[in-house]
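Only one structure is covered here, and it is reproduced in the block below.
2 protein chains.
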Amino acid sequence: MRPTMTDVAAAAGVGLGTVSRVVNGDPAVSPAMRERVQAAIDATRYRRNELARSIRPGQTSTTLALLLGDLTNPFYARMAKAAVAVAGDAGYAVLLSTADEDPAAEQRAVSELVGRRVAGLMIVPDQGDHAYLAPEVELGTPVVFLDRPATGIEADVVVIDNERGSADAARHLIAHGHHRIGVVVAPSYYTTGRRLRGFRRALREAGDQLDNSLVRHLDVGSAEASAAAVADLLALPDPPTAIFATTGFLSQGAVLAMRGREHEVALVGFDDFPLAELLPVPVTVVAGDAAAMGEQAVRLLLARIAGESGPAHRTVLPTRLIERGSGEIHA
Amino acid sequence: MRPTMTDVAAAAGVGLGTVSRVVNGDPAVSPAMRERVQAAIDATRYRRNELARSIRPGQTSTTLALLLGDLTNPFYARMAKAAVAVAGDAGYAVLLSTADEDPAAEQRAVSELVGRRVAGLMIVPDQGDHAYLAPEVELGTPVVFLDRPATGIEADVVVIDNERGSADAARHLIAHGHHRIGVVVAPSYYTTGRRLRGFRRALREAGDQLDNSLVRHLDVGSAEASAAAVADLLALPDPPTAIFATTGFLSQGAVLAMRGREHEVALVGFDDFPLAELLPVPVTVVAGDAAAMGEQAVRLLLARIAGESGPAHRTVLPTRLIERGSGEIHA
DNA sequence: GCGCCAGCTGGAAAGGTTACCAGGAAACGT
DNA sequence: ACGTTTCCTGGTAACCTTTCCAGCTGGCGC
Chain A
0 MRPTMTDVAA AAGVGLGTVS RVVNGDPAVS PAMRERVQAA IDATRYRRNE
50 LARSIRPGQT STTLALLLGD LTNPFYARMA KAAVAVAGDA GYAVLLSTAD
100 EDPAAEQRAV SELVGRRVAG LMIVPDQGDH AYLAPEVELG TPVVFLDRPA
150 TGIEADVVVI DNERGSADAA RHLIAHGHHR IGVVVAPSYY TTGRRLRGFR
200 RALREAGDQL DNSLVRHLDV GSAEASAAAV ADLLALPDPP TAIFATTGFL
250 SQGAVLAMRG REHEVALVGF DDFPLAELLP VPVTVVAGDA AAMGEQAVRL
300 LLARIAGESG PAHRTVLPTR LIERGSGEIH A
Chain B
0 MRPTMTDVAA AAGVGLGTVS RVVNGDPAVS PAMRERVQAA IDATRYRRNE
50 LARSIRPGQT STTLALLLGD LTNPFYARMA KAAVAVAGDA GYAVLLSTAD
100 EDPAAEQRAV SELVGRRVAG LMIVPDQGDH AYLAPEVELG TPVVFLDRPA
150 TGIEADVVVI DNERGSADAA RHLIAHGHHR IGVVVAPSYY TTGRRLRGFR
200 RALREAGDQL DNSLVRHLDV GSAEASAAAV ADLLALPDPP TAIFATTGFL
250 SQGAVLAMRG REHEVALVGF DDFPLAELLP VPVTVVAGDA AAMGEQAVRL
300 LLARIAGESG PAHRTVLPTR LIERGSGEIH A
């Protein structure tokens with residue numbers, strides 16, 4: 000159906016090897032011959048078959064895989080966008096796969112991707128054990144974890160500085176006079192745990208203390224669950240003067256619950272989200288650089304593909320506190 | 000490096016063909032033999048090489064390609080998520096590529112993808128000519144366009160009903176007593192043109208007329224540009240009582256510009272966006288079903304891959320008016 | 001002028017899989 | 001009991017590309 004090198008060779012009346020050399024820009028071919036073959040390539044509309052190319056031994060395909068939970072989360076969308084861009088610049092395509100936080104689905108997806116002989120795997124891991132990846136890594140498929148490390152295997156990882164970011168949030172609230180702070184914590188594993196820890200520690204270092212009765216651990220990380228928890232907190236006899244939400248979705252839920260009482264309660268959230276500055280009361284956020292995370296992951300992968308074999312790298316990206324004036328106590 | 004069928008055959012002491020049959024679930028193999036081979040597969044950790052598999056004649060790879068402009072746009076993110084999910088269910092992986100609205104980049108990306116012998120292409124096309132795709136389609140790679148049709152080639156397309164959706168928006172505003180309506184139009188080609196047309200026609204059908212001096216065509220589709228244009232409209236001696244924004248980003252810019260005057264001016268926007276209901280004044284939107292668009296595109300592609308060869312399909316998905324109470328005139 | 005080297009070209013093998021063909025054994029019918 | 005059919009298995013070719021090797025030609029040095 001599609002023209003092959005053989006077709007081009009026949010059209011140009013040359014050998015197969017010569018066509019290959021021209022296609023790959025091998026300098027060991029005379030200008031006249033190059034021109035003749037190129038004409039045949041154009042005439043036949045030949046396009047090199049990357050698949051056939053990468054079944055050769057030692058050859059690794061020029062495709063990376065990105066496996067993540069939810070593309071609808073703007074953080075992951077930005078991450079994916081950056082990863083695709085950087086990979087594309089290096090001549091790599093990106094196979095996108097989703098696992099929706101389901102360990103079994105993740106494992107199935109990895110199996111699919113490995114079957115396609117991707118040159119490297121980028122994974123936003125869930126809390127399950129990732130020892131099952133060891134044979135793949137051993138067989139030469141490098142793996143990079145994003146946003147959170149994985150248990151059961153040692154591999155490169157790119158995370159943001161959850162603790163420091165949360166500490167910044169805590170200090171921001173303290174500086175604005177808050178002592179009674181409610182916290183909504185998403186049911187995640189690594190990131191939210193770190194965020195709570197960093198927040199708590201910063202308070203302690205400031206001579207303050209987090210009131211555990213004001214910390215709500217949610218069963219699901221949805222805005223609705225957060226809204227319910229925050230409403231509950233605000234209904235207390237002695238409600239908190241500020242809320243810290245550990246994820247973007249939770250912040251949105253908090254905004255929902257604070258409707259009409261925006262000026263009584265301050266809100267700081269982890270993860271920036273679009274429109275945060277347009278809300279009735281602008282929300283101060285701790286922003287992680289999703290694009291940098293995606294870029295760094297690709298770079299790590301490319302280095303491993305190129306043969307780098309040192310110990311696992313751990314990249315910790317800084318966060319940025321974006322103050323949007325939600326700190327003052329108005330009540 | 001990685002175990003191959005030959006390794007499995009050697010381990011099990013059987014022929015290559017038998018291994019292939021077991022791997023592919025061919026029923027013409029005795030249970031005893033199946034078990035023996037399966038044991039060897041498990042022992043060697045064999046995984047079928049999809050690349051080698053798909054270079055065979057007639058065989059098409061089990062990979063689809065999705066080429067879009069901006070993954071950061073929540074509409075496209077939802078679309079991509081749905082497409083990946085549906086494709087995955089059918090055993091297809093999705094190669095994600097971005098073109099950032101640049102015709103040259105798009106063409107380069109398509110070339111890359113075709114080189115990887117994807118079984119089908121999903122493209123969110125920009126305004127350039129797409130005749131260059133004709134040879135690919137002829138050579139058996141089906142193409143589906145999403146969100147907007149492409150010129151220069153006949154292919155399946157999935158769009159939303161831009162005109163009817165905008166007409167709904169117009170009727171909504173009329174029903175709430177608006178006659179002086181400002182419109183911000185993004186510099187896009189197909190969608191925004193349709194939206195403006197549908198909006199204008201609905202007004203005319205209601206015996207009203209769109210004042211062209213209140214229609215602002217933007218050079219860029221950013222929130223900032225929209226904010227500037229809306230601010231300009233609101234600064235008129237006789238400002239509009241309502242704004243219609245033709246895209247989600249433009250709506251957000253309008254919200255920005257309307258700050259502090261939310262209760263004087265109504266806002267209706269095309270495209271739903273997160274947090275629209277949390278804004279100072281909830282924004283009524285015309286929502287297209289991005290997920291349905293992605294799903295339908297994959298389905299069309301799979302049908303074509305399966306051999307369907309009729310004329311091009313044109314799927315027009317309905318929109319939904321989500322009223323969030325922004326219609327009343329408060330001034 | 002002859003030999004040698006460099007430069008260029010052609011051919012063949014390999015890589016992992018599938019499809020097809022042939023062959024062997026067992027079972028069944030007569 | 002013999003022939004035939006069915007069931008199962010093994011081997012081989014083909015897919016498209018790259019790599020390696022061999023061979024050829026022309027040029028240059030001595």
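For the protein sequence lines, the chains are A and B, in the order given. Using numbering that gives the first Met the number 0, count along the first sequence one by one with no gaps and you end on 330. Using numbering that gives the first Met the number 0, count along the second sequence one by one with no gaps and you end on 330. Positions of the beta carbon are idealized from the N, C-alpha and C atoms, including for glycine. Just so we're clear, the structure is a prediction, and the values are computed from it rather than from any experiment.
Start and end residues, alpha helix (DSSP H) containing residue i
{"i": "Leu94 of chain B", "result": "No alpha helix (DSSP H) contains Leu94 of chain B, which is instead part of the beta strand (DSSP E) from Ala92 to Thr97."}
{"i": "Phe198 of chain B", "result": "Tyr189 to Glu204"}
{"i": "Ala104 of chain B", "result": "Pro102 to Gly114"}
{"i": "Ile304 of chain A", "result": "Ala289 to Ile304"}
{"i": "Val219 of chain B", "result": "It is not in any alpha helix (DSSP H) - Val219 of chain B carries neither H nor E in the DSSP assignment."}
{"i": "Val36 of chain A", "result": "Pro30 to Thr43"}
{"i": "Val143 of chain B", "result": "That residue, Val143 of chain B, is in no alpha helix (DSSP H); its beta strand (DSSP E) goes Val142 to Leu145."}
{"i": "Ala133 of chain B", "result": "Ala133 to Glu137"}
{"i": "Met78 of chain B", "result": "Pro73 to Asp88"}
Beta-carbon proximity check, residue i vs residue j, cutoff 8 Å
{"i": "Leu277 of chain A", "j": "Ala256 of chain A", "result": "no"}
{"i": "Ala185 of chain A", "j": "Gly220 of chain A", "result": "yes"}
{"i": "Ala108 of chain A", "j": "Leu66 of chain A", "result": "yes"}
{"i": "Leu112 of chain B", "j": "Leu94 of chain B", "result": "yes"}
{"i": "Ala86 of chain B", "j": "Val297 of chain B", "result": "yes"}
{"i": "Val182 of chain B", "j": "Leu195 of chain B", "result": "yes"}
{"i": "Thr97 of chain A", "j": "Lys80 of chain B", "result": "yes"}
{"i": "Thr62 of chain B", "j": "Gly90 of chain B", "result": "no"}
{"i": "Asn48 of chain A", "j": "Arg116 of chain B", "result": "yes"}
{"i": "Phe243 of chain B", "j": "Val282 of chain B", "result": "no"}
{"i": "His129 of chain B", "j": "Ala149 of chain B", "result": "yes"}
{"i": "Leu138 of chain A", "j": "Arg1 of chain B", "result": "yes"}
{"i": "His178 of chain A", "j": "Leu320 of chain A", "result": "no"}
{"i": "Gly68 of chain A", "j": "Pro102 of chain A", "result": "no"}
{"i": "Asp167 of chain B", "j": "Val158 of chain B", "result": "no"}
{"i": "Ile304 of chain B", "j": "Pro141 of chain B", "result": "yes"}
{"i": "Pro239 of chain A", "j": "Ile180 of chain A", "result": "yes"}
{"i": "Met4 of chain A", "j": "Val18 of chain A", "result": "yes"}
{"i": "Leu120 of chain B", "j": "Leu274 of chain A", "result": "no"}
{"i": "Ser225 of chain B", "j": "Gly252 of chain B", "result": "yes"}
Helix, strand or coil at residue i according to DSSP, with G and I counted as helix
{"i": "Phe272 of chain B", "result": "coil"}
{"i": "Arg52 of chain A", "result": "helix"}
{"i": "Pro124 of chain A", "result": "coil"}
{"i": "Ala64 of chain B", "result": "strand"}
{"i": "Leu278 of chain B", "result": "coil"}
{"i": "Phe248 of chain A", "result": "helix"}
{"i": "Val117 of chain B", "result": "coil"}
{"i": "Ser12 of chain A", "result": "According to the sequence displayed, residue 12 of chain A carries Gly and not Ser. Coil, per DSSP."}
{"i": "Arg319 of chain A", "result": "strand"}
{"i": "Ala27 of chain B", "result": "coil"}
{"i": "Ala234 of chain A", "result": "coil"}
{"i": "Ala241 of chain B", "result": "strand"}
{"i": "Thr17 of chain B", "result": "helix"}
{"i": "Leu209 of chain A", "result": "coil"}
{"i": "Ala330 of chain B", "result": "Low local confidence applies: a pLDDT of 37 at Ala330 of chain B is under 50, so the model's placement there is unreliable, with the coordinate-based value given in what follows. The answer is coil: DSSP assigns Ala330 of chain B none of H, G, I, E or B."}
{"i": "Leu70 of chain A", "result": "coil"}
{"i": "Met4 of chain A", "result": "helix"}
Opening and closing residue of the beta strand (DSSP E) in which residue i lies
{"i": "His216 of chain A", "result": "Val214 to His216"}
{"i": "Ile152 of chain A", "result": "No beta strand (DSSP E) holds Ile152 of chain A; DSSP gives it neither H nor E."}
{"i": "Val315 of chain B", "result": "Arg313 to Leu316"}
{"i": "Leu172 of chain A", "result": "From DSSP, Leu172 of chain A is part of no beta strand (DSSP E) but of the alpha helix (DSSP H) over Asn161 to Ala174."}
{"i": "Val184 of chain A", "result": "Ile180 to Val184"}
Beta-ladder partner(s) of residue i, from DSSP
{"i": "Ala228 of chain B", "result": "In the DSSP output, where bridge partners are listed per residue, Ala228 of chain B has none listed."}
{"i": "Thr283 of chain B", "result": "B:Val267"}
{"i": "Val157 of chain A", "result": "A:Leu145 and A:Thr314"}
Supposed contact pair residue j and residue i - C-beta distance, whole angstroms, cut 8 Å
{"i": "Ala331 of chain B", "j": "Arg35 of chain B", "result": "Since the first residue shown for chain B is 0 and the last is 330, residue 331 of chain B is missing from the structure and cannot be characterised."}
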